[in-house]
Amino acid sequence: MDLIRERLRKLKEILQERDCEVFISFSPVENRYFSGFTGSTSCLISGVVGDFLFTDFRYEEQVYNEVKSLSIKIIRKNLEEEVINFLKKHNLTKLGIVLEKTSARLYERFKGEGFSICGIDDDISYMRMVKDNNEVNLIREACKITEVSIEKAIEVLKEGISEKDVAGYIEYQFKVNGAETAGFDTIVLFGSNSSLPHGKPSKKGLKPGDIVLFDCGCVYKGYYSDITRTFVYGAIPGLWFKEIYSITLDAQKSALGFIKAEVLSKDVDYTARYYIEKRGLGKFFGHGLGHGVGLEIHEPPRLSKDSTLKLKSGMVVTVEPGIYIPGKGGVRIEDTVLVTDTGCEILTSMGKELRVIE
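The working numbering numbers the first residue of the sequence shown as 52 and each following residue consecutively.
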């Protein structure tokens, strides 16, 4: 089965249900999803008029190599003007767009040209939330590359090496092992810096007894991975750390055991959050439990106390509880998982028992 054609078929069903003539997108993410094109500049039009991808001369050779299921149009002047002229030429007036990824300027331009706009953000988002087997396999490979890269980074840990140096080495290993790039700015934190949920690597040097927190992911053929592991270097810094590590790990295990299709996202979050709160540490876990992963590093669904969305088989999410003690240090343990009808498959296989790096 041609995955692109199947996605375009489902897209047209959405358009029909929402009384839209065409879907129009200038978003590289949506355009990659619906066409396979990896360039940064394009416009996708799909609907009653057929399926088209517009791009410019810079991508002419690339687009013909990558896009097989849509008609290709190479524009020579202004992309936006060419697209609007195309819509008018075919008497198309009812446009379905992803509002979140459409600039206010472009939205007003469409309105000013007389087009009727329908936001279909939720429809497209829900469609992308449920991954097909090909997408899952790409995410699985991205996870493997990330884990190999972390293990390589562990090998170079030594007293005095800086957080920045280790973060850079991880990102180097991503490319050595087949990734396109890092999925986001790699987080490497030593010692008390690990209490910063999204801290940035600094010149701080590693010393014995330090906590070592890695939060990283890569991009493989467009798809992201995300994993966090917390280690210690040389020696465990104290009983307090063993306690919060054990609580974080058990909270994650409780959430993983609760995940399956038809479960509410907020209930998965609550499972981990309640476990931590019961042990008097709730105030040290202030972020949501997880998020969707796919063509973007943060995408729906959200595992948070406010999310009422039901999980479906095929969704890929992170599960990442953390406990952060200001001035002392923190623990976060994160896996990327695939939701199934009966539970979940953990796509990140790296061990999670407390590990002392010698």
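Backbone N, C-alpha and C define an ideal beta-carbon position, used for all residues, glycine too.
Item, Value
"Ordered along the chain, which non-local residues of its own chain (more than five positions away) have a Cβ less than 8 Å from that of arginine 69?", "Gly147, Cys169, Ile171 and Asp174"
"Report whether the distance from the Cβ of threonine 106 to the nearest heavy atom of the ligand NAD is below 7 Å.", "This structure simply doesn't include the ligand NAD, nor any ligand for that matter."
"If you compare alpha carbons, which of Ile295, Glu210, Ile55 and Glu214 is closest to isoleucine 384?", "Ile295"
"Where do the ends of the alpha helix (DSSP H) carrying lysine 293 lie?", "290-309"
"For leucine 157, I'd like the list of residues in its chain whose CB is within less than 8 Å of its CB, leaving aside the five on either flank, ordered along the chain.", "Phe77 and Glu131"
"What whole-angstrom Cβ distance do glutamate 198 and serine 400 have, given they're in contact under 8 Å?", "7 Å"
"Rounding to the nearest angstrom, what Cα-Cα distance links aspartate 183 and glycine 365 in this structure?", "7 Å"
"Have a look at leucine 389 and glycine 260 and give me their C-alpha separation to the nearest angstrom.", "35 Å"
"Please report the Cβ distance between isoleucine 96 and phenylalanine 137, rounded to the nearest whole angstrom; I am assuming they are in contact, meaning their Cβ atoms lie under 8 Å.", "7 Å"
"In chain order, what residues of the same chain have a beta carbon less than 8 Å from the beta carbon of isoleucine 212, not counting five sequence neighbours either side?", "Gly256 and Leu257"
"With 8 Å set as the bound, which would you pick, yes or no: does the beta-carbon of alanine 286 sit closer than that to a beta-carbon of chain B?", "Absent from the structure is chain B; it holds one protein chain and no more."
"Who does phenylalanine 282 pair with in a DSSP beta bridge?", "Val263"
"Whole angstroms is fine: what's the gap from proline 248's alpha carbon to tyrosine 375's?", "7 Å"
"Exposed or buried, which one is lysine 317 when buried takes at least 16 other CB atoms within 10 Å?", "buried"
"Three Cβ pairs or more, each shorter than 8 Å: is that satisfied between the segment 88-107 and the segment 118-126?", "yes"
"Can you tell me whether serine 246 is buried or exposed, with buried defined as 16 or more other CB within 10 angstroms of its CB?", "buried"
"Kindly indicate the opening and closing residues of the alpha helix (DSSP H) around lysine 162.", "155-163"
"Distance, Cα to Cα, leucine 59 vs phenylalanine 335?", "45 Å"
"Which stretch, first to last residue, makes up the alpha helix (DSSP H) that contains cysteine 194?", "184-207"
"Could you check what DSSP says for arginine 383 in three-state terms: helix, strand or coil?", "strand"
"Given this structure, state the Cα-to-Cα distance separating alanine 312 from valine 114, to the nearest angstrom.", "37 Å"
"Anyone know if the C-beta pair for glycine 373 and valine 367 falls short of 8 Å?", "no"
"Report the residue from Ser91, Val344 and Phe166 whose alpha carbon sits nearest the alpha carbon of valine 270.", "Val344"
"Is it buried or exposed, alanine 155, if we count other Cβ atoms within 10 angstroms and call 16 or more buried?", "exposed"
"By a C-beta neighbour count over all protein chains shown, 10 Å radius and 16 as the cutoff for buried, is threonine 299 buried or exposed?", "buried"
"Looking only at its own chain, which residues have a Cβ that is under 8 Å from the Cβ of alanine 286, when we skip the five neighbours before and after it?", "Pro259, Gly260 and Val407"
"Assuming the contact rule is C-beta atoms closer than 8 Å, serine 355 and leucine 340 should be a hit. Round their C-beta distance to whole Å, please.", "7 Å"
"Going straight from the alpha carbon of valine 80 to that of valine 149, what length do you get?", "11 Å"
"Which term fits leucine 290, buried or exposed, when burial requires 16 or more other beta carbons within 10 angstroms of its beta carbon?", "exposed"
"With glycine 87 and isoleucine 65 assumed to form a contact (beta carbons below 8 Å), what rounded beta-carbon distance in angstroms separates them?", "Wrong, their Cβ atoms sit about 19 Å apart, outside the cutoff."
"Specify, as a first and last residue, the run of the beta strand (DSSP E) that glycine 101 falls within.", "101-107"
"Locate the alpha helix (DSSP H) running through leucine 138, then write down its first and last residues.", "130-140"
"Mind reading off the beta-carbon distance from alanine 230 to proline 252? Whole number of angstroms is fine, and I expect it under 8 Å.", "In fact, because the Cβ distance is near 19 Å, the residues do not count as touching under 8 Å."
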